[in-house]
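Shown next, in structure tokens, is the structure this report addresses.
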Amino acid sequence: MPARERRRPRPRRVRALAGHRLPDRGRHPRLLRRDDRDRQDRRDGPARGHADAAADPGRARGRVRSERARRRSTRRGADPRRRDRGPRPLAGGRAGVHSARAGVPRRPPPPSRARSADRRRGGPRVVIRLGRISYVNLAPVFFRLEAEVDEVQGVPTDLNARLLAGELDLAPISSIEYARNADRLRLLPRLCVSSEGAVDSIQLVAHKPLEQVRRVAVTPESATSVVLTKVLLPEADHVPLGEEADATLLIGDAALKSAFEDPTPHHDLGRLWLERTGLPMVFAVWACPDPPPPGLGELEQALVDSVLTARAEPEQLAYESSERYGYPAGFLARYFEKLRYRFGPRERAGLLTFLELARDVGELDEVPELRFAARAEATV
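Dropping the structure here:
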């Protein structure tokens with residue numbers, strides 16, 4: 138019986154236990170596992186001139202991988218030593234802005250950045266004289282304003298006079314004052330200061346029921362609030378602040394403080410207006426001389442962006458405003474929620490309704506057409 142051939146035993150597959158490694162067995166370096174490759178990098182680091190490879194294996198691995206990336210990009214035809222040094226010629230001889238990757242065009246910078254660069258190079262600069270109401274109600278508009286402006290602070294009536302005298306290029310002014318000078322002014326189409334309901338910062342402090350009020354002491358700091366008081370209480374006479382009266386009109390920070398300190402009944406004019414008309418009350422509009430100054434569109438966008446940032450960071454806005462104006466942060470957070478800065482269709486309808494009623498009580502000759510400095514776009 139012929140002897141049976143002895144079969145050669147199959148090689149067994151050996152699995153590595155946890156914490157153990159299998160030998161390389163001469164495999165190609167590209168087939169090495171990652172840990173073996175790192176070990177080889179640490180071994181080859183000093184031979185390649187990296188004196189600190191043994192002391193810092195991680196740094197050596199990064200350099201070796203960078204070297205591999207350089208070789209791969211060289212094989213593709215790119216020059217890895219070249220940094221992005223500016224525009225390269227595109228096909229057809231045109232120049233364009235490229236990224237560090239060869240042949241991949243990058244978008245040019247937006248026009249606003251390009252203009253800023255021109256200014257840094259000594260080009261023409263346009264600094265707009267911007268008015269700012271000194272009350273806390275405009276804190277969101279200036280929260281993160283990124284624009285080069287000459288800021289001028291004052292109460293509303295002061296800013297009204299400065300804008301009409303040509304001392305300001307843009308300012309939030311009283312709605313009634315704009316209507317009285319509409320032939321000389323233009324409006325920003327996206328911004329105003331309004332509320333739909335209670336606003337807290339325009340209060341009528343009454344010692345009698347409203348239907349019995351016959352004398353109102355009015356503040357000299359606001360024109361719109363004075364006319365609004367006359368619209369809501371047409372039978373009452375107005376006297377200067379400090380004289381004996383049945384009620385006192387307070388606006389801005391004085392109204393906010395009075396709500397904390399004075400137990401006398403306070404009537405919010407924003408709430409009274411909403412109950413009568415069902416519309417928002419526009420207390421101030423953003424106006425500029427006609428013709429508008431250069432750079433107005435960029436500044437309007439910066440103001441809108443600041444409001445949007447303030448809406449996205451209400452806690453930070455309340456904290457910073459509390460540090461500056463001295464009110465509790467929680468109170469300011471609730472106060473800012475009641476204010477509106479968009480100049481949308483409802484706000485424009487409320488403004489025109491107010492101007493019509495102001496005309497009816499003799500505070501305005503005619504209701505003007507709303508003229509804007511630019512085409513109305515999306516609002517805040």
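In the working numbering, each number is its position in the sequence shown, counted from 1, plus 137.
From the three backbone atoms N, C-alpha and C, an ideal C-beta is built for every residue, glycine too.
- Can you say whether Ala449 is buried or exposed, counting buried as having 16 or more other CB atoms within 10 angstroms of its CB? Flag for Ala449 reads exposed.
- Task: Mark Asp497 as exposed unless 16 or more other C-beta atoms lie within 10 angstroms of its C-beta, in which case mark it buried.
- Result: Result: exposed.
- Item | Validate contact between the region 390-409 and the region 347-365 using beta carbons, cut 8 Å, 3 pairs | Segments in contact, yes.
- Query: Is the CB-CB distance between Leu387 and Gln340 below 7 Å?
  - Reply: Yes, they are a contact pair.
- For Gly268, the three-state DSSP class (helix, strand or coil): In the structure shown, Gly268 falls within a strand segment according to DSSP collapsed to helix, strand and coil.
- Message: By the three-class DSSP mapping on this structure, what secondary structure does Tyr478 have?
- Response: It is a strand residue.
- Query: Using 8 Å as the threshold, is the region 376-385 in touch with the region 351-365, meaning 3 or more CB pairs across them?
  - Reply: The region 376-385, when compared against the region 351-365, does touch it at the 8 Å Cβ threshold.
- Message: Once the 5 residues before and after Ser332 are set aside, which same chain residues still bring their CB inside 7 Å of it?
- Response: For Ser332, where only same-chain residues beyond five positions count, the Cβ hits under 7 Å are Gly407, Pro417, Met418, Lys475, Leu476, Arg477.
- Query: Since Pro309 and Leu296 are thought to touch, with beta carbons under 8 Å apart, how far apart are those beta carbons, to the nearest angstrom?
  - Reply: About 7 Å separates the two Cβ atoms, so the contact holds.
- Message: So, for Leu507: in the same chain, excluding its five sequence neighbours on each side, which residues have a beta-carbon less than 7 Å away from its beta-carbon?
- Response: Leu324, Arg485, listed in sequence order.
- So does the region 298-316 actually touch the region 446-463, counting three or more Cβ pairs closer than 8 Å? Counting Cβ pairs under 8 Å, fewer than three are found: no touch.
- Task: Let me know if Pro293 comes out buried or exposed under the rule of 16 or more other beta-carbons within 10 Å of its beta-carbon.
- Result: Counting C-beta atoms within 10 angstroms of its own C-beta, Pro293 has 16 or more neighbours from the protein chains shown and is therefore classed as buried.
- As assigned by DSSP and simplified to three states, the class of Ala511: In the structure shown, Ala511 adopts coil according to DSSP, grouped into three states.
- By DSSP, does Asp390 sit in helix, in strand, or in coil? Asp390 carries a helical assignment under DSSP once its states are collapsed to helix, strand and coil.
- Local Cβ density within 10 Å of Thr366, reported as buried at 16 or more and exposed below that: By the beta-carbon neighbour count (other beta carbons within 10 angstroms, threshold 16), Thr366 is buried.
- Task: May I ask which residues mark the beginning and end of the beta strand (DSSP E) holding Gly303?
- Result: Judged by DSSP secondary structure, Gly303 falls outside any beta strand (DSSP E); it is assigned neither H nor E.
- Message: Using the three-state DSSP reduction, which class does Arg281 fall into: helix, strand or coil?
- Response: Residue state for Arg281 is assigned as coil, using DSSP reduced to three classes.
- Query: Residue range of the alpha helix (DSSP H) that Gln438 falls in?
  - Reply: Unbroken alpha helix (DSSP H) run through Gln438: 433-449.
- Task: Could you check if Thr385 is buried or exposed, using at least 16 other CB atoms within 10 Å of its CB as the buried criterion?
- Result: Burial call: buried.
- Beta-carbon proximity check, Ile265 vs Val289, cutoff 7 Å: Going by C-beta atoms, Ile265 is not nearer than 7 Å to Val289.
- Which whole-angstrom value is the C-beta distance of Leu393 and Ser338, which I expect to be below 8 Å? Yes, Leu393 and Ser338 are in contact; Cβ-Cβ is about 6 Å, under 8 Å.
- Bridge partners of Trp423, per DSSP? According to DSSP, which records beta bridges pairwise, Trp423 is partnered with Pro309.
- Would you decide whether Gly432 is buried or exposed? Buried here means 16 or more other CB atoms lie within 10 Å of its CB. Classification for Gly432: buried.
- Smallest Cα separation from Asn274: which of Gly481, Leu469, Leu445? Checking every option, the nearest Cα to that of Asn274 belongs to Leu469.
- Message: Given a cut-off of 7 Å on the beta-carbon distance, is the pair Ala421 and Val336 in contact?
- Response: No, these two residues do not count as a Cβ contact at 7 Å.
- Task: Please go through the same chain and pick out, in chain order, the residues whose beta-carbon is closer than 8 Å to the beta-carbon of Val504, but skip the five residues on each side of it.
- Result: Ala316, Leu489, Leu492, Glu493, Arg496.
- Message: Going by DSSP, what residue range makes up the alpha helix (DSSP H) through Leu409?
- Response: For Leu409, the enclosing alpha helix (DSSP H) covers residues 406-414.
- Looking at C-alpha atoms only, which residue of Glu314, Ala284, Phe280, Ile270 is the closest neighbour of Asp502? The shortest C-alpha separation from Asp502 is found at Glu314.
- Query: Buried or exposed: Glu398, going by 16 or more other Cβ atoms within 10 Å of its Cβ?
  - Reply: By the neighbour-count rule (16 or more Cβ atoms within 10 Å), Glu398 is not buried but exposed.
- Can you list, in chain order, the stretches of the beta strand (DSSP E) that have 3 or more residues and sit fully within the region 320-403? List check, beta strand (DSSP E) in window: 322-332, 339-343, 352-355, 374-377, 384-388.
- Val286 by DSSP, collapsed to three states: which one? Strand.
- Query: What's the gap between the Cα of Ala396 and the Cα of Val263?
  - Reply: Cα-Cα distance, rounded: 42 Å.
- Tyr462 to Gly389 span [Cα, whole Å]: One C-alpha to the other measures close to 12 Å.
- Compare the Cα-Cα distances from Leu445 to each of Phe473, Arg413, Ala424, Pro426 and report the closest residue. In terms of CA proximity to Leu445, Phe473 leads the group Phe473, Arg413, Ala424, Pro426.
- Query: Within this structure, are the beta carbons of Phe480 and Arg327 separated by less than 7 Å?
  - Reply: In this structure, Arg327 lies closer than 7 Å to Phe480 by Cβ.
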